[in-house]
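All residue numbers for the sequence shown refer to the working numbering, where the first residue is 5 and numbers rise by one.
Don't be surprised by glycine CBs; every beta carbon is placed ideally from N, CA and C.
Bear in mind the structure is a predicted one, so any value in this text is a computation, not a measurement.
Inspection log for the structure reproduced underneath, given as structure tokens.
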Amino acid sequence: MADRNRTHDRPRRARHRAALLAVACALVAAGCDGGGTERAGQSPRPVERAPVKAAKPGLPGMPPLLDEHDLYAADRPGRLAPQVKDFPSRIYVPNTGSDTVSVIDPKTYKVIDTLRVGVQPQHVVPSWDLKTLWVNNNRGHDLTPIDPATGKVGKPVKVHDPYNLYFTPNGKYAIVMASMDRQLVFRDPHTMEIRKTLPVNCGGVNHADFSPDGRYFIVSCEFSGELLKVDTEKMKVIGQQKLPFEGAMPQDVKISPDGRTWYVADMMADGIWTLHGDTFDRPTLLPTGKGAHGLYVSRDSRYMYVSNRGEGSISRLDFRTGALIDKWHIRGGGSPDMGGLSTDGKVLWLSGRYNSEVYALDTRTGKTLAKIPVGQGPHGLAVYPQPGRYSLGHTGIFR
5 MADRNRTHDR
15 PRRARHRAAL
25 LAVACALVAA
35 GCDGGGTERA
45 GQSPRPVERA
55 PVKAAKPGLP
65 GMPPLLDEHD
75 LYAADRPGRL
85 APQVKDFPSR
95 IYVPNTGSDT
105 VSVIDPKTYK
115 VIDTLRVGVQ
125 PQHVVPSWDL
135 KTLWVNNNRG
145 HDLTPIDPAT
155 GKVGKPVKVH
165 DPYNLYFTPN
175 GKYAIVMASM
185 DRQLVFRDPH
195 TMEIRKTLPV
205 NCGGVNHADF
215 SPDGRYFIVS
225 CEFSGELLKV
235 DTEKMKVIGQ
245 QKLPFEGAMP
255 QDVKISPDGR
265 TWYVADMMAD
275 GIWTLHGDTF
285 DRPTLLPTGK
295 GAHGLYVSRD
305 SRYMYVSNRG
315 EGSISRLDFR
325 TGALIDKWHI
335 RGGGSPDMGG
345 LSTDGKVLWL
355 SGRYNSEVYA
365 LDTRTGKTLA
375 KIPVGQGPHG
385 LAVYPQPGRY
395 SLGHTGIFR
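Shown next as structure tokens:
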């Protein structure tokens, strides 16, 4: 009886061994035939894998990213584009109350020139092709071009209500943030002729940044406390939401190096909002300091500097952990607003909006290196040149 049972179990045991072997083959990605043996003289069969989802195509004409995991890979220290490598290093400071631009030599921390521009200059903006600096004369309703090779001012171009200026990632359009007009105006990036006017249902459009594929951008609306999501190619608002804070006043907008997280500074909520751009979900507030205003990414893409205008401090955020790791206070106090990083990334330059001065800070220690007197109401200063292949606008968003 025992021998018959053992004989009867043989087929069952054989089937069991074959099943186990099949599982083992799958786990080690070996090509096995139905009998559990490799075909002689042949390589193992390739493992069948699910097809890889193709990456979403970028905005037509946009230069491909150098690194899909780091939007700022082109902004490494000293990596100047050929067309700007011979430009003198300068800090251009628009003085809103003086109708001038102060020009600072970063080596000496001295003002070496004062340029007369239009009425109420707000920001100095590098053009998409990096060849021109545009001074946004908000109440003068024009743009003053500066040649960064010579420092000379050119003939103003009539543009209504240019509070701020951006460029689509493919360089096809300039986008004027017409704050008081409640419009986004798409213009020719060279002549500034209007291509399309997009009315918006929010107050005080002012700052923006673009998605990794360039197909949309997110805009802050300062006076109504809202955010807009805009389709770049269709030039159409595809999303709008009010920030969940009474009296919110969103300012600068910046996307993380990996393209997953968006940050929006809020001067009334005293911190930065974080959200996912693709889903345009409800944002979460991370307190940084009173009057959070400007956002700047370090040259190694590890940190973001947040200027807290209301308390004279700069917070440093670690992108990897999402946590604040430092807070530096300007020596003697101040009102840090907008600015940018030096070519080597070692100095953070910021305007002192209510103190008629400019600050230079060490990006490793936070030490105040200099406080430089300038005109009245210094605002969106530009450090130029900076590393990068092209400019998305504002005081210098480079990719």
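In the three-state reduction of the DSSP assignment, Ala327 falls in the strand class, which pools E and B.
Secondary structure at Asp79: helix, using DSSP grouped into helix, strand and coil.
For the 8 angstroms CB-CB criterion, Met196 and Leu188 do not form a contact. In this structure the region 233–244 does not touch the region 253–263; the number of beta carbon pairs closer than 8 angstroms is below three. Across the structure, Leu75 and Val209 are spaced so that their CA atoms are roughly 24 angstroms apart.
Ile95 is bridged by DSSP to Ile108 and Val387.
With a 10 Å radius around the Cβ and a threshold of 16 neighbouring Cβ atoms, Lys200 comes out exposed. When the five nearest sequence neighbours on each side are left out, the beta carbons in the same chain lying within less than 8 angstroms of the beta carbon of Ser302 are those of Met308, Tyr309, Leu345, Gly349 and Thr367, in order along the chain. In the displayed model, Met253 falls within coil according to three-state DSSP, outside both helix and strand. One thing to note: Val128 has its Cβ within 8 angstroms of the Cβ of Gly384.
Thr347 places its beta carbon 8 angstroms or farther from that of Ser319. Its Cα nearest to that of Pro377, the residue Ala364 stands out among Val268, Tyr220 and Ala364.
Linking Asn99 to Pro287 through their CA atoms gives a straight-line distance of about 33 angstroms.
For Ser395, the beta-bridge partners assigned by DSSP are Phe402.
Residue state for Arg191 is assigned as strand, using DSSP reduced to three classes. For Gln126, the enclosing beta strand (DSSP E) begins and ends at Pro125 to Pro130.
Within the same chain, and ignoring the five residues on either side of Arg313 in sequence, the residues whose Cβ sits closer than 7 angstroms to its Cβ are Met271, Gly295, His297, Ser339, Pro340, Asp341 and Arg357. In this structure, DSSP gives Gln245 an extended state, which the three-state scheme calls strand.
Ranked by Cα distance from Gly155, the first of Asn141, Asp146 and Leu137 is Leu137. The beta carbon of Gln126 sits closer than 7 angstroms to the beta carbons of Pro98, Thr100, Asn140, Asn142, Tyr167, Asn168, His383 and Gly384 from its chain, once the five residues preceding and following it are set aside; these are given in chain order.
In the three-state scheme derived from DSSP, where H, G and I count as helix and E and B as strand, Lys294 is classed as coil.
Here Asp146 is buried, its C-beta having at least 16 other C-beta atoms within 10 Å.
Under the three-state reduction of DSSP output, Thr118 falls in the strand class. Tyr300 is the residue among Pro216, Phe284 and Tyr300 whose C-alpha sits nearest the C-alpha of Gln255. With respect to the 8 angstroms criterion, Asn174 and Pro64 are classified as neighbours on the basis of their beta carbons. Judged by beta-carbon spacing, Leu352 lies beyond the 8 angstroms limit of Phe171, meaning their Cβ atoms are not closer than that value. The residue among Ser355, Gly370 and Ala374 with its C-alpha nearest the C-alpha of Ala386 is Ser355. Classified as buried, Asp79 has 16 or more neighbouring CB atoms from the shown chains inside 10 Å of its CB.
With 16 or more other CB atoms across the displayed protein chains lying within 10 angstroms of its CB, Arg94 is buried. Ranked by how close their Cα comes to the Cα of Asp285, the residues Gly275, Tyr267 and Asp274 have Tyr267 in first place.
No residue range can be given for His145, since it is assigned to no beta strand (DSSP E) and is classified by DSSP as neither H nor E.
As the crow flies, the alpha-carbon of Asp235 is around 41 angstroms from that of Thr372.
For Val163, DSSP assigns no beta-bridge partner whatsoever. Per DSSP, the unbroken beta strand (DSSP E) holding Ala212 starts and ends at Val209 to Phe214. In the DSSP annotation of this structure, the continuous segment of the beta strand (DSSP E) that includes Met181 starts and ends at Ala178 to Ala182. Boundaries of the beta strand (DSSP E) harbouring Met308: Tyr307 to Asn312, taken from the DSSP string.
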